[in-house]
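In my numbering, the protein residues as written are 884 to 1464.
Here is the structure we will look at, set down as structure tokens.
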């Protein structure tokens, strides 16, 4: 076989199709948007190319109409607020700016998930500083923002409508493969042993998928219940296989071979190779007459199969059980007040509002770069600020030097436009902030020098101006976030751990009660998974060595609580088919 003479890096080969199509889509979308809503709203088209991509962090397709209304209200308000901040006198404009920033920051900062506040804040600052409108242009801008909300939801539907199905299939299949690998290891067929803690991470991923797709707080579909329950059944099966005696008996070996066969049918069902699962019967078990071990495996397999079938039932995808909880409890769960989100939103909204007032008062022509830097380096945890500052400054220097060379040697508008577009295209091939912001710097400086700066001295001067604003913004961000109002990861981790303990203790209590609210039960289960995932990330960064042992203790506590659900049986399995149905 003849090798290609071109040694193309993997990052280009892997991303070429997506990057090229995305770039073409952005150019097409911005031009169409400009034709419909006028050149004064071309920046709005750019905003929505950013927001559409950023919105994919969350799954908005479960309740599209509700999310469309929310997006429309938020975006139209952003347009109105940006107009008022640009035109009203200082005291009133400051209040409007502060309230708008506070609401955006709190609403789009998440304690357990990836944040999406930055695209909204950046877009809002674009409206204020890059392309402000007058009162005659405001109605068309508001219409453009509403059209952008529709664009976001259409993008979500096209790109993410199958996300939950694909995630469930992929994660559950990976869990099945882990169990099969462990069985093969126990049978001596392979020397490779799966990471037993990895299955918990997969469960957390399932929980996150359900959490993001829920209709509202305490309103999860029966199919989502079953998806999480199927994952938990597989987790328990892995534990059963792991806890078999080191020296397997003839009956244990036969039981594992039988389990492998059943797992193969589960896998075929998930991969849509078959539409049905063969019925399970205790008489098929090789060790059925020997009692406990076979019974544990049988009940776990039966429960998991039952949940897989319920998960795939179209009726269960649209059926929601009503919660019996009071309105007060539901409101408390919906608000989910978070200290880290509240402190971050207040601190950053105040900082950006004061900086906006200063830039407007001094009439700084490129003050927007100061605001963009403050927004970028102001993060929920003070521990992360220095690293973000370093990346932004280094990216500015790298991109700035390249810009000075490019725009000094290329004075023509056509050539400069091509350089700006190329830098935007290349940014698709990078994931680290330093590389992507270096590309953004080339584009931003290109816009600043486009028609007014030529030669090394003029272009270099503009680069130094930008670098100065970046330095000032980074320094101000460090002082505000790390010295005056610090909120460190260790403090947040302590609060998360306290919350995790209260969630697990409440789960323990409700598992002992005679009646159980299914919505509350699964709400707590999913919240426990999300807390585990975030705590694990924070504990790793904080080098909290005792955390794994503490976490295992609480996980085992919940498993024992589940066993108590089945009365009158010692060493009962964690799950009994249909006990929550």
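Ideal Cβ placement from N, Cα and C applies to all residues, glycine included.
Model, not experiment: these values are computed from the prediction.
Residue closest to residue i, alpha-carbon to alpha-carbon, out of the options
| i | options | result |
| --- | --- | --- |
| residue 1254 | 1236, 1270, 1268 | 1236 |
| residue 1053 | 1202, 1086, 1320, 1079 | 1086 |
| residue 1043 | 1191, 1096, 997, 1016 | 1096 |
| residue 1256 | 1223, 1356, 1407 | 1356 |
| residue 1319 | 1421, 1305, 1332 | 1305 |
| residue 1026 | 943, 928, 1003, 1383 | 928 |
| residue 1136 | 1064, 1174, 913, 1069 | 1069 |
| residue 1080 | 1223, 1119, 1290 | 1119 |
| residue 1060 | 904, 1143, 1430 | 1143 |
| residue 1279 | 1229, 1288, 1267, 1347 | 1347 |
| residue 930 | 1034, 1263, 1410, 977 | 1034 |
| residue 923 | 977, 1380, 1013 | 1013 |
| residue 947 | 1098, 962, 1057 | 1098 |
| residue 1272 | 1223, 1365, 1379 | 1365 |
| residue 1205 | 1270, 993, 1405 | 1405 |
| residue 1216 | 1166, 1006, 1382, 1233 | 1382 |
| residue 1074 | 1022, 1111, 1064 | 1064 |
| residue 1078 | 1088, 1062, 1072, 1090 | 1062 |
| residue 1152 | 1140, 1128, 1196 | 1196 |
Three-way DSSP call (helix, strand, coil) for residue i in this model
| i | result |
| --- | --- |
| residue 1104 | strand |
| residue 1417 | helix |
| residue 1045 | coil |
| residue 1392 | helix |
| residue 1205 | coil |
| residue 1175 | helix |
| residue 1099 | strand |
| residue 1109 | helix |
| residue 1425 | helix |
| residue 1157 | coil |
| residue 998 | coil |
| residue 1293 | coil |
| residue 1400 | coil |
| residue 1129 | coil |
| residue 1431 | helix |
| residue 1371 | coil |
| residue 1018 | coil |
| residue 904 | helix |
| residue 974 | helix |
| residue 1164 | coil |
| residue 921 | coil |
| residue 1337 | coil |
Residue range of the alpha helix (DSSP H) that includes residue i
| i | result |
| --- | --- |
| residue 1140 | 1133–1153 |
| residue 1091 | 1081–1096 |
| residue 1325 | 1316–1332 |
| residue 932 | 925–937 |
| residue 944 | Here residue 944 belongs to no alpha helix (DSSP H), and DSSP marks it neither H nor E. |
| residue 1313 | Neither: residue 1313 is in no alpha helix (DSSP H) and is coded neither H nor E. |
| residue 992 | That residue, residue 992, is in no alpha helix (DSSP H); it is neither H nor E in DSSP. |
Beta-bridge pairing of residue i - partner residues as DSSP gives them
| i | result |
| --- | --- |
| residue 1200 | Answer is none; residue 1200 lacks a bridge partner. |
Residue-level contact to chain D via CB, residue i, 9 angstroms cutoff
| i | result |
| --- | --- |
| residue 1023 | This model lacks chain D altogether, as it is built from one protein chain only. |
Output the residue ranges of the alpha helix (DSSP H) runs that lie fully inside the segment 1206–1286 and measure 4 residues or longer, sorted by chain position.
1210–1218, 1222–1245, 1251–1260
Where in the segment 1028–1077 do unbroken runs of the alpha helix (DSSP H), each at least 4 residues long, occur, reported from the N-terminal end onward?
1046–1069
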